[in-house]
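Just so you know, the sequence shown maps onto residues -6 to 356 in our numbering.
Virtual Cβ for every residue (Gly too), placed ideally from N, Cα, C.
Input: a single structure, listed below in structure tokens.
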Amino acid sequence: MKQVETKQEMEQAEIKQEMEQADINQEMEQVEIKQENITIVETKENVEPPNKINSLKSLGPFIAARDNSKNTVYLSDVPDVCKEKPCMLGVDEAGRGPVLGPMVYGIAYCPLESKQVLEDLGCADSKQLNEEKRDSIFDELNTLDYATSCVGWAVEIISPNVISSSMFRRTKCSLNEVSMDSAMGLIQQAIDAGVNIAEVYVDTVGPPEKYQEKLLKRFPNFKITVAKKADSTYPIVSAASICAKVTRDHALKVWKFPEGLFIKDNAFGSGYPGDPVTKRFLTEQIDAVFGYPRLVRFSWSTAENALADKAYNMEFDEPDSEKPKYAGTKLTKFFKETTKTGEVKRVECRLFRECHLDNVVDF
């Protein structure tokens, strides 16, 4: 009987030992998994955002690393041939009409003799190309040797916050003025980078004649053509249009809300006022005090009308126009004082008086 009990005790002890060992193994596995997760997080945090856009893949991370409340300007490397030979330069924008997101201005340039390269890439009006085709052309523009060797480009991502602030500031700046300033700024950036510009083609903002006159006044040495639908007429403008449109699309895809909002898959639609998804976003994302996140161009009437019934009316006191009764001691009092006879009388510094100190003139 004792022998049977001893055997049972030994079996129970073995089972208990196996269970304890299993618990130890499980704890070790959990520690290893935790360490792996920490390593993965550290690896992600240590990855530096790209400073150059050399493919479609690098475009999103580049934009995501920038402050979307400010404008971002990017200029690609200038091919050597563009510094030596006369070049054509095209200007176009994307996102002028939407109530959400940035407006992006783009330029593209290449030697006059390299027009065939643009046609081989398939440059056409970006509005007539689907997203997949635009992305493909943009990627080829930045990766294929025959394109990078003779075509350069630049963009300015104009923040919706900047657009609204410009239109609402005391000295108002219209969207046309913002657009023209951006276009001229990008042309100047290309000049400063050494691009040998001979001809400029621009998709118009407002009356073409007035815009062309303004550009000629700023750049009198160039042959400048401003026209409606220039992006569907001139391949170099089409290339600029594609760069602008692809950049705007990806800026929306990687948009970060500093207000703490989380919008699944950035599901706020195209940003155009007629888009049902955008309309729903404008209805659902109203803060009664602060209005909208800065993704929204709050200077648009669409946004103003949506806020009218759901947000609080805020009143700000005008500064008092009357002078304060006590404005403090004037600075000039510490330098000189005049008697009734006109004689200048200097007032001693209070520290000197209280400490009974005198100026020493004789040593």
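Per DSSP, the unbroken alpha helix (DSSP H) holding D185 starts and ends at 168 to 185. Measuring C-alpha to C-alpha distances from P228 to each of T271, A57, M81 identifies M81 as the nearest. Under the 8 Å Cβ criterion, the region 296 to 311 does not count as touching the region 99 to 112, having fewer than three qualifying pairs. Assignment of beta-bridge partners to V84 by DSSP yields I100, V195. Its Cα nearest to that of E308, the residue V282 stands out among P286, L288, D302, V282. The shortest C-alpha to C-alpha distance from E206 to any of Y67, K108, M177, K246 is the one to M177.
Closest by C-alpha distance to D242, out of E112, F161, P72, E125, is E125. The way I'd put it, the region 59 to 71 doesn't touch the region 82 to 90; fewer than three beta-carbon pairs between them come closer than 8 Å. The criterion of a C-beta distance shorter than 7 Å is not satisfied by A233 and I150. In this structure A117 touches S231 by the C-beta definition: roughly 5 Å separates them, less than 8 Å. D196 and Y204 have their C-alpha atoms some 10 Å from each other. Contact between P43 and N189 is ruled out by a C-beta separation of about 28 Å, above the 8 Å threshold.
One alpha carbon belongs to L49, the other to Y305, and they sit about 43 Å apart. A residue is called buried when at least 16 other Cβ atoms come within 10 angstroms of its Cβ; N61 meets this threshold and is buried. Taking D132 as reference, the option from A186, F161, L52 with the minimal CA-CA separation is L52. By the C-beta density criterion, T240 is buried, having at least 16 other C-beta atoms within 10 angstroms. Closest by C-alpha distance to K238, out of T276, I279, F161, I130, is I130. I235 places its beta carbon less than 7 Å from that of R127.
Just measuring C-alpha positions, the residue of L254, D302, K257, S225 sitting nearest V84 is S225. Counting along the chain, the unbroken alpha helix (DSSP H) around E125 starts and ends at 124 to 136.
Nearest Cα to G94 within the set P269, F261, S172: F261.
For I235, the uninterrupted alpha helix (DSSP H) run begins and ends at 228 to 246, by DSSP. Per DSSP, reduced to three states, the secondary structure at A301 is helical. Per DSSP, T271 is one residue of the alpha helix (DSSP H) stretching across 269 to 277.
By the neighbour-count definition (other C-beta atoms within 10 Å, threshold 16), P200 is an exposed residue.
Setting aside the 5 residues that flank it on each side, M160 is surrounded in the same chain by S292, each with a C-beta closer than 6 Å to its C-beta; the list follows chain order.
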